[in-house]
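Start counting the sequence shown at 791; every next residue gets the next number (my numbering).
Notes follow the structure.
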Amino acid sequence: MISIKSEREIELMKIAGKINYDTHKLLASKIRPGITTKELNDIADDYIRSQGGIPSFKGYEGYPASICTSVNEEVVHGIPSNRKLKNGDIISIDIGVIYKGYHSDSAWTHPVGTISDKKAYLLEHTKKSLYEGIKEVKAGARLHNIGAKIEEYALKHHLGVVKELVGHGVGQNLHEDPDVPNYGKYDTGLVLKAGMTIAIEPMLNLGTEKIYLLDDDWTIITRDNKPSAHFEHTVLVTEDGYEILTGEE
Ligand code: MF3
Ligand code: CO
791 MISIKSEREI
801 ELMKIAGKIN
811 YDTHKLLASK
821 IRPGITTKEL
831 NDIADDYIRS
841 QGGIPSFKGY
851 EGYPASICTS
861 VNEEVVHGIP
871 SNRKLKNGDI
881 ISIDIGVIYK
891 GYHSDSAWTH
901 PVGTISDKKA
911 YLLEHTKKSL
921 YEGIKEVKAG
931 ARLHNIGAKI
941 EEYALKHHLG
951 VVKELVGHGV
961 GQNLHEDPDV
971 PNYGKYDTGL
981 VLKAGMTIAI
991 EPMLNLGTEK
1001 IYLLDDDWTI
1011 ITRDNKPSAH
1021 FEHTVLVTED
1031 GYEILTGEE
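Rendered as structure tokens:
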């Protein structure tokens, strides 16, 4: 079932989204060679709670940390650890926040120090693919236009589109209907309605789109070990278009 959020619910999701955005900004200011992913996790956990939020990933299906930190060839769901970031790495940070029962979900990928041109290209175009997808959102539009646009944009830039993981509805739960794939055909899928809230989250790779799961049962990495990037926003469908609940464009 796809829920349509009331004004009150949207207000709470906006607060969850603001805490999420502010946490990303805070972490962005801390990223540098030498910091560990666990230190980033703990900064995020403290900050989210200081704002009256709860980090939603902690304990989600047994997930052991408060945020996901995925470095280089790690696509998503990397577990924070004592690993120190190095100059030239890229790190995807994925954050979920619950505020008074309502969720926000957002991911950004950052450079650590100075990165290669190829990695910078990956970051730039993965981020742009997210905004291209978001621009398709509007009451009355078809859901798969989002994925069709992301896929078209990614292929034009010769990037691999991860297909085994998808975006999702978000609200009283982290994952709600519908699935929001990062591929598809234009003019197919359900008709979007004002008040739906969805997480759109392209994961694009410099090489193959193929991925696999590491033995820790969480971390997903690219099969060819080439770098991967991930950008995600929680987005509200409106009559005129959309509102991004997890940050400015
Ligand atoms: N943020 C992820 C998503 O977009 C979910 C993280 S799963 C968790 O769907 F287990 F790490 F919480
Ligand atoms: Co998500």
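Positions of the beta carbon are idealized from the N, C-alpha and C atoms, including for glycine.
Pick from the options that is closest to residue i, judged by C-alpha positions
i: Met993; options: Glu914, Gly1037, Leu1035; result: Glu914
i: Ile885; options: Lys876, Asp969, Lys874, Pro870; result: Pro870
i: Leu1004; options: His867, Leu802, Lys820; result: His867
i: Lys918; options: Ser906, Ile936, Arg932, Ile905; result: Ile936
i: Glu863; options: Pro1017, Ile1034, Thr813, Ile940; result: Pro1017
i: Lys908; options: Tyr921, Tyr837, Asn995, Lys953; result: Asn995
i: Ser960; options: Lys953, Val951, Val970; result: What sits at residue 960 in the sequence shown is Val, not Ser. Here the closest residue by C-alpha is Val970.
Residue i - DSSP class collapsed to helix/strand/coil
i: Gly950; result: strand
i: Ala806; result: helix
i: Asn995; result: strand
i: Ile844; result: strand
i: Leu1004; result: coil
i: Ser1018; result: strand
i: Thr813; result: helix
CA-to-CA distance, residue j to residue i, given in whole angstroms
i: Tyr1002; j: Ser896; result: 22 Å
i: Arg822; j: Gly903; result: 6 Å
i: Ser906; j: Ala938; result: 29 Å
i: His958; j: Ala910; result: 27 Å
i: Leu816; j: Asp835; result: 12 Å
i: Thr1009; j: Ile883; result: 13 Å
i: Glu1038; j: Thr1024; result: 11 Å
Requested in this report: Please go through the stretch 859-903 and give each complete alpha helix (DSSP H) segment of 4 or more residues, from N-terminal end onward.
Outcome: With a minimum length of 4 residues, no continuous alpha helix (DSSP H) run stays inside the stretch 859-903.
Query raised in the report: Taking only runs of the beta strand (DSSP E) that begin and end inside the stretch 938-989, which ones reach a length of at least 3 residues, in chain order?
Result: Entirely contained in the stretch 938-989, the beta strand (DSSP E) runs reaching 3 residues are, in chain order, 957-959, 966-970.
Requested in this report: Decide if the stretch 839-846 is in contact with the stretch 887-896; the criterion is three or more beta carbon pairs, one per stretch, under 8 Å apart.
Outcome: yes
Query raised in the report: Between the stretch 922-937 and the stretch 975-990, do three or more beta carbon pairs fall short of 8 Å?
Result: Counting Cβ pairs under 8 Å, three or more are found: they touch.
**Report entry** Every unbroken alpha helix (DSSP H) inside the stretch 907-939 [4 residues or more]
**Finding:** You should have 907-924.
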